[in-house]
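*Asks:* Heads up, our numbering is the position in the sequence shown plus 831, with the first residue counted as 1.
Let me give you the structure first, and then I'll get to my questions.
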Amino acid sequence: LQPKIASRQVTTHILKAFGLHMSKKLGQNFLIDAGIVQGIVDAAQIHPGDHVLEIGPGIGTLTQGLAEAGADVTAVELDKKLPAVLAETLKAYDRVRIVPGDILKVDIPALMGQEPFKVVANLPYYITTPILMTLLERRLPITMMVTMVQKEVAERMTARPGSRSYGALSVAVQYYTEPEIVLNVPPRSFIPAPEVDSVVIACRVRSVPAVKVSEEKMFFRVVRAAFGQRRKTLANALRGGGFPKEQVRAAMERAQMDPQRRGETLSLEEFGRLADAFAELAK
Ligand code: SAM
């Protein structure tokens, strides 16, 4: 049996042995709670042979949990010092592949192939939103994403229309997935302890998006415009987002939407209806 990396003692030992200094800039906060690692693995419902893309393996804490559960793990790590460390800390596991690189730049389809896979990660918080948006918008064959994120980001991902946290990220996440908060994780579960509370959120990717729209591009353009200027009415926000005045008026009429409403009160269905009206008018 391999000693678990997810403990204060083992992690501190590894950091010392390799002379590692953790980088705040790279969002490095390593998990030291084996119960949380197991919670993430359980939430991802890992079965032997599952393909998993891990983002930012660090010293291999979560990777080890995934490998123990029988997953085939591809882990992309930006910190150039870490692959040599991982080669040592994960040497007992032959179904782990470490890929040096930036998750926002690597060719994920080339890396993961055509087969369905899961994304499991304790994310670097400085780029949470770009990572999530990249994974969602590229239409990769992802079935499930289980990620550790800042509590406030989890609230945005699960926010309902009209709430303060509701925004473009809420719509994108809920359009593609069914998000569910599975664990609250206190700062003391990491070295070093982050300044914020964390949450593990499981997003099961829907087989078809939550609403049917005629043009997905238009849908997201409308969403971005609507949230671009939050204090304005929907009509003004849409104009501010580059839609011509007359088109806005006509689309809102067609979608039977009160121009005085604010964008942040629209449900996914309503955004869909409005986007379809714009798409129809553009024909
Ligand atoms: N998985 C480890 C754990 O749970 O303890 C480490 C998680 S730590 C919060 C985030 C990791 O992401 C760090 O190892 C960091 O170097 C890495 N990272 C930061 N930016 C990245 C990027 N753009 N692409 C890939 N990995 C990145």
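In this text, a Cβ means the ideal position worked out from N, Cα and C, and glycines have one as well.
Measure from the alpha carbon of residue 990 to the alpha carbon of each residue in 841, 1099, 894 and 842, then state which is nearest.
*Replies:* If we check each option's Cα against that of residue 990, 1099 comes out closest.
*Asks:* With which residues is residue 1046 paired in a DSSP beta bridge?
*Replies:* Answer by DSSP bridge pairing: none, since residue 1046 is not bridged.
*Asks:* In three-state DSSP terms, what is residue 835?
*Replies:* Coil, per DSSP.
*Asks:* With distances taken between CB atoms, is the gap from residue 1078 to residue 1071 smaller than 8 Å?
*Replies:* Contact flag unset, no.
*Asks:* Is it a yes or a no for the segment 1042-1054 touching the segment 1101-1109, going by three-plus beta-carbon pairs under 8 Å?
*Replies:* The segment 1042-1054, when compared against the segment 1101-1109, does touch it at the 8 Å Cβ threshold.
*Asks:* Would you decide whether residue 1101 is buried or exposed? Buried here means 16 or more other CB atoms lie within 10 Å of its CB.
*Replies:* Residue 1101 should be labelled buried.
*Asks:* Along the chain, where does the alpha helix (DSSP H) that runs through residue 899 open and close?
*Replies:* From DSSP, the alpha helix (DSSP H) with residue 899 extends over 892-899.
*Asks:* Could you give the DSSP three-state label for residue 1035: helix, strand or coil?
*Replies:* Reduced to three states, the DSSP call for residue 1035 is strand.
*Asks:* Skipping 5 residues on each side, what residues in its chain have a beta carbon closer than 8 Å to that of residue 945?
*Replies:* Contacts found: 972.
*Asks:* Could you please give the first and the last residue of the uninterrupted alpha helix (DSSP H) stretch that includes residue 1005?
*Replies:* Start and end: 999-1007.
*Asks:* Does the distance from the CB of residue 894 to the CB of residue 907 come in under 8 Å?
*Replies:* No; because the gap between Cβ atoms is not below 8 Å, this pair is not in contact.
*Asks:* I want to check one thing, is the minimum distance from the CB of residue 1010 to the heavy atoms of ligand 1 below 7 Å?
*Replies:* No; taking the cut-off as 7 Å, the Cβ of residue 1010 has no heavy atom of ligand 1 nearer than that.
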